[in-house]
Amino acid sequence: MDKMLKMHFSDIEDLYDYQKNVLDSILEGNNSLAIIPTGGGKSLIYQLGAMMLEGTTIVISPLKALMQEQVDDLNSRGIEAIAINSDMDFQTQRKVLKDLGGKKPKLIYVSPERLNNYYFRSALSYMERKIPLVVIDEAHCISQWGFDFRPDYSKIKPFINFLEGIGHNPITLALTATLSSQPRKGIIQEFNIDKKNMLIEDNVIRDNLVLEFKKVEKDEAKIGEIREFIDSKDLKKVLVYTYSRPKCEELASQFDNSDFFHARLSPDGKLNVYKRFKNGDIRVLFATTAFGMGMNIPDIDGVIHYQIPESIEEYYQHVGRGGRDKEICPLCHCLFLWSDKNFDVKRQRIESRTLKEEELIEGFQWINPRNRKGFVKELNSEELWRNDGSKGTINLRLMVPVFEKYKLIEIVGEINGKPKSITFKNPTKLWNKVLSSLSGIRNSYTYAEKKTGIKIQEIINHLYEEEFKGNIDKIPAMEKLIMIKVNSDVIPEEVKEAILKESKEIEKHKISMLGMLKELCTEENKEKFIAERLGVPYQ
Amino acid sequence: MMCEYKEIKDLKKSIEERFSEYWYKIFDISKANFVLPNGIKVSKKNTNENLKKLEKEIRNWEESIEKYRDGVKDYFKLDYFDEDSEDCYEYSEVKEELLAKNLWTVSSALHSWDPALEKYKETFWATPPKDIFVTVHNILVGAYDYMLNEGANIKFNRINKIEQLNYDFLYEEDMLLTGVIGLGIRSEILHRLYPSHFPIMTRKSIWGMYYITGRESEFVADEYFDGKFRTEHNWNYDYGRFTFYNNFIGNLITQTLLENNMDLNPQLRFGYVNEFLSCINEMHKDEVEELNRWKLMEV
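In the order they appear, the protein sequences are chains Y and L.
Under the numbering used here, residues 1 to 539 are what the first sequence spells out, in order.
Under the numbering used here, residues 540 to 838 are what the second sequence spells out, in order.
So this is what it looks like as C-alpha cells:
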C-alpha cells in the first residue's frame, strides 16, 4: 500500500488510518460503505485501490466537472484514466467508447445516466480486462429516503448485475460524506454490505464550523441579516444557499461583488463562476444546491442558509463546504435563517412530492398504455426528462425507478436513435431487413421486431457490433430511447398499495427529518445533536 | 385570446381592392420558384407566351400542393387509428413520428429557438401520447364524416356566410388539445387530407391575410415575454372565419384564371390560396421580420 502510494502519489506523505481501513476492506474482497467527511481524501482511497487491483475500476460519480479534473490529474501521474459523461459531446463519447477495447485504463469515470447505455455496456463487453471494483461516489444519492435522491442512481444495481452477467465479479465500494441511518440501511441491503464493513471516520463532526441559527419573522428581514453577518464577521468568501433559481439571481443583484450559481447555467458558465469564486473574485455567491458535491474550495469562511434545507444531513453537507482547509481558513461562520413559515412551506413541498394513486396509474399508463404484458416501450428521453413532477407534470423520472424496483418494468437498455435516423456506411443484410419493414411513419425497434421476427435485443446487439467495427456513420445525438420491458398489464393492487405505503413512509420519514432540523434551531449543543442524529461519533 | 372581428363585408371589400394588385406583383417578381421570372400581365391582353408561362407556374403550384399532401396523407388512414386493427399505431408513434416529424407546424415549433415556444415544447413532451392519439383520431373521424355528408354539397362559389361552411363539428369538444394541438396544427391535418375543403392556417398564410386586408389588426396579436414584446400572427384566429376569407380569395383566383381560359383543380382549392397568401407574406418578409422581432418594452 505504502509502496504504491509513494510510486504514484509521491506528494502525499501518508494515509490516514480510516483510508487504510477502507482500503484493507476492499482488498480483502468485501463490499464496503465508507462515510468520510468532505475533504477527507475519499478519491485517494479508490484511486489507490484501483492501482492495487488487477484490471479496470469503474467509478460512478454525478460530478462531471470533477471527473475530468481527476482524470487529468491521474493522467499527469502516469495513470491511464478516462471519463464518460453527458457533458462530453456525443461524437467524443462515441470515440472514447470505440477506442476502449484497445486501451487499458486503470479507472473509468462514468456518470450514472450512462450506465444503461448500450454503447457503454457493449464497450465494456468488448474490453478484455477484469473489472475488480465498482466505486459509487456520493452514495447518498442512491437512497429515496435521503435528501438528495437521484433517479439515475437506481441504475447502479442493475449495472452491477450486468457486469456479473458478462463474467466480472466486482467488489462494491460506496462512498459518501453524509448518510443518516435510514438510507444507510438501504444501501447496506442493496449492495450486500456486511455491517462490519461499514466504516465511519471519527471526525465527521467538524470542529472549525461555528454554527449560528437565527429566527426571523419574515423573509424580507433575511437580507439585512446576511449583510450584518458578513460585515460583522468580516467574511471574505461567502456561500449563500437558496432553493430557487430566480431568488438566487435576484439576491445576487442586491449585493456588491456577488454572483449566482444554479443548474440552468451552461457548463462553461458554471465553471466560470466556480473559478472566480475560488480565486476570490466573487465575495458572496448565491447558489442553489447545484453548487454542492465535488466543489472543492478550501477557504470559504461563511455559509449562510437564506432558505432552509430538508434535514440535518443536508444542512451539514452544505456547511461542510466551508473551512475545508483549516490552515488557510481556521474558522467558517455559518448562519441559518429560519421562520416557522419556512418550515411549514417545506413540509408542504415534501407532502406534494409523495406519490398519489392516480399519479401512479397515469405514470404506468404512459409506459404501458394498452395494458400489454411483455410489451417493450421505447420511451423518449425527452419525455422522461421533462416529466419530473415540476410545473404540473407527472413525475415519470421518479416513477420509472420505482416501477423497476417493484419489478413492474425492467429497463433493458438505452440507445441513441430510432432505426431510420441511424446511417450505416455499408448497410448489412439485417439492417436492410429492419429498414424495409418500416413503412410510412413506422420507426421503432418493436415494430421492426413484429414485422421481421428479429428480436429487439438482436437488432441492438447488431447495431453496437457494427458501431465497434466502425460501420455506422451517423447516430443522432439528441434522440435517446430508454427501452422498457413491461412485466405486468396493470399495477397489481398489492403492488400499488406497497408503493403508496413506501412513498407515505418516505414522506413521514422526511417530515420527521425536517422536524429534527427545526429542533436543531433551538438546541444548545448543536454539534452533539447533529452527531446523535447522524449516528456518527461526537468527541 | 379574444379578438374583435371586423364586419365581413368590409374585409371582403379590402381583399377585393388589393387582390389584383398582389396578383400582378406576385407574377412580376422572381424570388421564389413558384412565381414567374419575367413580367407577366395577367389580363386578356396577355401574349400567348406569357399565358403559357403563367400556366406553367400555376402547375408548379399544383405540383407543390400535391407533393405536400401526398407526403403524409396515407399516414392518416383511419385504419391506423383503429385500436382493434393489427396495424394500429402505438400512441407514441402518433406523437413522436406523425406529429413531431411529419407535420410541419409541429416540427418547426419543436425545433424553434424562439423562447416563446419553450412552453409549447414543455407541454408537448408532458402530454401523454394517448391524449394526442385520441385528439388526432377525433379530428380524422370528424373530417371523414364531414366529407362524406357535407363535402359534395358545399358550393364554394355561393358561400356568403361563415355558417354555410357547416364547420360545426370543428367546434365540438375534444377536437383540439390544449397547448398541443391548436387551430394551426389541426388545420394542417385537415388541409393535408382535404385541400379541397380545408385551408391551412400557418404563420405565412395569416400574415398574407394581414396584408391583403390592408393590415387588418384581427390577424395579428401582440405578445409579451420576459419584459419584451413583439407582434405575431394571430394563431388563435377563428378557423371558420379564416376559411371563409380564404374561400373568397379562392373565388377571385378561379375567376381570374377563368378569364384567361385556365382551369383550377377543385381538389386543390385551398392549396392555391395558401400559395397565394404565402407569396404575399414573402413580399413583406422584411416588415414581418421586424414586427416579429422581440423588442424591449419601454418603461
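Using N, Cα and C, we set each Cβ at its ideal position, and we do this for glycine too.
Keep in mind it's a predicted model, so treat the numbers as computed, not measured.
- Residue burial is scored here from C-beta neighbours: Gln254 of chain Y has fewer than 16 other C-beta atoms within 10 angstroms and is therefore classed as exposed.
- Phe783 of chain L and Ile394 of chain Y have their C-alpha atoms roughly 41 angstroms apart.
- DSSP, reduced to helix, strand and coil, places Ala665 of chain L within a helical segment of the structure shown.
- Closest in alpha carbon position to Ile565 of chain L, among L:Met822, L:Glu829, L:Met836 and L:Leu649, is L:Met822.
- Against Gly440 of chain Y, the close residues of chain L are Asp613 and Tyr614, in the order they occur along the chain (beta-carbon pairs closer than 7 angstroms).
- DSSP places His333 of chain Y within a strand segment (E or B) once states are collapsed to three.
- Here the C-alpha atom of Glu414 of chain Y lies approximately 21 angstroms from the C-alpha atom of Pro667 of chain L.
- Contact of Glu357 of chain Y with chain L is not assigned, every C-beta pair being separated by 7 angstroms or more.
- Tyr109 of chain Y: member of the beta strand (DSSP E) spanning Leu107 to Val110, first to last residue.
- Your pair Tyr406 of chain Y and Ile499 of chain Y checks out as a contact, with CB atoms roughly 6 angstroms apart and the cut at 8 angstroms.
- Leaving aside the five residues that flank Val611 of chain L on each side, the residues in its chain whose CB is nearer than 7 angstroms to its CB run, in chain order, Asn641 and Arg731.
- Here Asn395 of chain Y is bridged, per DSSP, to Y:Asp388.
- DSSP places Glu414 of chain Y in the strand class (E or B) of the three-state scheme.
- Judged by DSSP in its simplified three-state form, Arg283 of chain Y adopts coil rather than helix or strand.
- When C-beta distances to chain Y are compared with 7 angstroms, every residue of the segment 773-804 of chain L stays at or above that value.
- Rounded to the nearest angstrom, the Cβ distance from Phe787 of chain L to Lys551 of chain L is 6 angstroms, consistent with a contact under 8 angstroms.
- Among the residues of the segment 235-268 of chain Y, none has a Cβ less than 8 angstroms away from any Cβ of chain L.
- The alpha-carbon separation between Ala448 of chain Y and Met67 of chain Y amounts to approximately 39 angstroms.
- Runs of alpha helix (DSSP H) with 4 or more residues, each lying fully within the segment 16-53 of chain Y, are found at 17-27 and 42-52, listed in chain order.
- In the DSSP assignment, His305 of chain Y forms a beta bridge with Y:Tyr241 and Y:Phe336.
- When only Cα atoms are considered, Lys660 of chain L and Trp643 of chain L end up about 15 angstroms apart.
- Shown here, Glu327 of chain Y sits in coil according to DSSP, grouped into three states, outside any helix or strand.
- Put simply, the CB of Lys552 of chain L is far from chain Y, with every gap to its CB atoms at 7 angstroms or more.
- Assigned with DSSP and collapsed to three states, Lys743 of chain L falls in helix.
- Judged by their CB atoms, Tyr464 of chain Y and Ile205 of chain Y are not nearer to each other than the 7 angstroms cut-off.
- At a cut-off of 7 angstroms between beta-carbon atoms, Pro369 of chain Y makes contact with chain L.
- For Thr393 of chain Y, at least one C-beta of chain L is nearer than 7 angstroms to its own C-beta.
- Per DSSP, the continuous beta strand (DSSP E) segment holding His772 of chain L begins and ends at Lys767 to His772.
- Closest in alpha carbon position to Phe213 of chain Y, among Y:Val96, Y:Ser439 and Y:Tyr306, is Y:Tyr306.
- Sequence-distant partners of Lys526 of chain Y (beyond 5 residues in either direction) whose C-beta falls short of 7 angstroms from its own C-beta, in its chain, are Leu211 and Leu520.
- Here the alpha carbons of Lys669 of chain L and Phe615 of chain L stand approximately 16 angstroms from one another.
- Residues of the segment 636-665 of chain L that bring their beta carbon within less than 7 angstroms of a beta carbon in chain Y comprise Glu636, Leu637, Asn641, Glu661, Trp664 and Ala665, in sequence order.
- By the neighbour-count definition (other C-beta atoms within 10 Å, threshold 16), Gln70 of chain Y is a buried residue.
- For Thr176 of chain Y, the enclosing beta strand (DSSP E) begins and ends at Ile171 to Thr176.
- In the three-state reduction of the DSSP assignment, Met198 of chain Y falls in the strand class, which pools E and B.
- Collapsing the DSSP output to three states places Leu716 of chain L in a strand.
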